[in-house]
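Asks:
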Amino acid sequence: MAALPHVFEEISWAKHSFFVFSDFEHFVTADAFTSLVADAGTSIAVNDAVGGRLSLTTGATDNNEADVRTTAEVYLVADNKPIYFECLAQYTEANTDDANVMHGLMSALAANSLVDDGAGVRTTGNYFVFFKVDGETTWRVRSRNGTETETNDTAVTAGGATYQRFGIEIDNEGDGSSNVAVKFFIDGQQCRDATTLRPIVHTILIASSTEMNAGSYVKAGSANSEVLVIDYLGAIQKR
Numbered sequence: 012m013a014a015l016p017h018v019f020e021e022i023s024w025a026k027h028s029f030f031v032f033s034d035f036e037h038f039v040t041a042d043a044f045t046s047l048v049a050d051a052g053t054s055i056a057v058n059d060a061v062g063g064r065l066s067l068t069t070g071a072t073d074n075n076e077a078d079v080r081t082t083a084e085v086y087l088v089a090d091n092k093p094i095y096f097e098c099l100a101q102y103t104e105a106n107t108d109d110a111n112v113m114h115g116l117m118s119a120l121a122a123n124s125l126v127d128d129g130a131g132v133r134t135t136g137n138y139f140v141f142f143k144v145d146g147e148t149t150w151r152v153r154s155r156n157g158t159e160t161e162t163n164d165t166a167v168t169a170g171g172a173t174y175q176r177f178g179i180e181i182d183n184e185g186d187g188s189s190n191v192a193v194k195f196f197i198d199g200q201q202c203r204d205a206t207t208l209r210p211i212v213h214t215i216l217i218a219s220s221t222e223m224n225a226g227s228y229v230k231a232g233s234a235n236s237e238v239l240v241i242d243y244l245g246a247i248q249k250r
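In our numbering, the protein residues as written are 12 to 250.
(1) Nearest CA to the CA of D198: which residue from K26, I179, Q175, V39?
(2) For V108, name the three-state secondary structure that DSSP assigns.
(3) Hey, V229 and A56: beta-carbon distance below 7 Å or not?
(4) Taking its Cβ as the centre, do 16 or more other Cβ atoms sit within 10 Å of Q200, making it buried, or is it exposed?
(5) What is the residue span of the beta strand (DSSP E) that T53 lies within?
(6) Measuring only the C-alpha atoms, how far is T107 from A231?
(7) Which residue from I217, E104, V144 puts its Cα closest to that of A89?
(8) Under the assumption that L125 contacts M113 (Cβ atoms under 8 Å), give the Cβ distance between them as a whole number of angstroms.
(9) Pick out the complete beta strand (DSSP E) segments inside the stretch 156-217, 3 residues or longer, and give them in chain order.
(10) Ignoring anything shorter than 3 residues, give me the beta strand (DSSP E) runs that lie fully in the stretch 118-154, in order along the chain.
(11) Alpha carbon to alpha carbon, how far is S188 from E36?
(12) Within this structure, are the beta carbons of V167 and R153 separated by less than 7 Å?
(13) Please go through the same chain and pick out, in chain order, the residues whose beta-carbon is closer than 7 Å to the beta-carbon of M12, but skip the five residues on each side of it.
(14) Within 10 Å of its beta-carbon, does L208 have 16 or more other beta-carbons around it, so buried, or fewer, so exposed?
(15) With T69 and S236 assumed to form a contact (beta carbons below 8 Å), what rounded beta-carbon distance in angstroms separates them?
(16) So, with DSSP's three-state summary, where would you put T69?
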């Protein structure tokens, strides 16, 4: 009987983790991923592109919003269960600096995850995100669990014609069972604080964490339509 090379090894590795990932060569909402396109003029569409790309369009109404996210909240910060999120995305400002954009992991990722009128990330729930708000031009990062929140400006320019690769690593790193260390990466480089220039590492309590979606989100900051293009998006976690 012929051998089945690598099958047993692959299953052995795969059973120790799970992931949800898409290249968006095909998209049906409420399958692995779900879309938010509730406002008049918003839309979501698969583009003709090598490997597939997904466009989220807000329409030309201030505070219109759209997102794509894992249909279920399947990621949970826990002891010895590291998580890694990554997406490749691009947008070009429709009007100077008005767009509101976010990528990452968030509990109950949905409408108004970025608050209207450039007010930033909502102040409830559990999340680990990159975000950019109306009136600003650089990526910020924020981690939140309960009332514990850490935020940094990365000084990395947001938007433009070039795709950017966003990574979020959540791990214990020898801190026992109390906290996780959270690191943020853009195009493979660990993000640094805009003021101190030190590598950004958030230390966030594990206790009372809640399940999260992985996803990306865009909100118009003026009467101009914003278009966020996602090349791929997903996250993996140790079981």
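Beta carbons: idealized from backbone N, C-alpha and C, even for Gly.
Computed from a prediction, not measured in an experiment: that's the story for all the values here.
Replies: By the coordinates alone:
(1) Q175
(2) Contrary to the premise, residue 108 reads as Asp rather than Val in this sequence. Three-state DSSP puts D108 in coil, outside helix and strand.
(3) no
(4) exposed
(5) From DSSP, T53 is part of no beta strand (DSSP E); its letter is neither H nor E.
(6) 12 Å
(7) I217
(8) 6 Å
(9) 159-168, 175-182, 190-197, 212-216
(10) 138-143
(11) 39 Å
(12) no
(13) With a pLDDT of 39 at M12, under the threshold of 50, the predicted position of this residue should be treated as unreliable, though the coordinate-derived value follows. Around M12: no qualifying Cβ.
(14) exposed
(15) 5 Å
(16) coil
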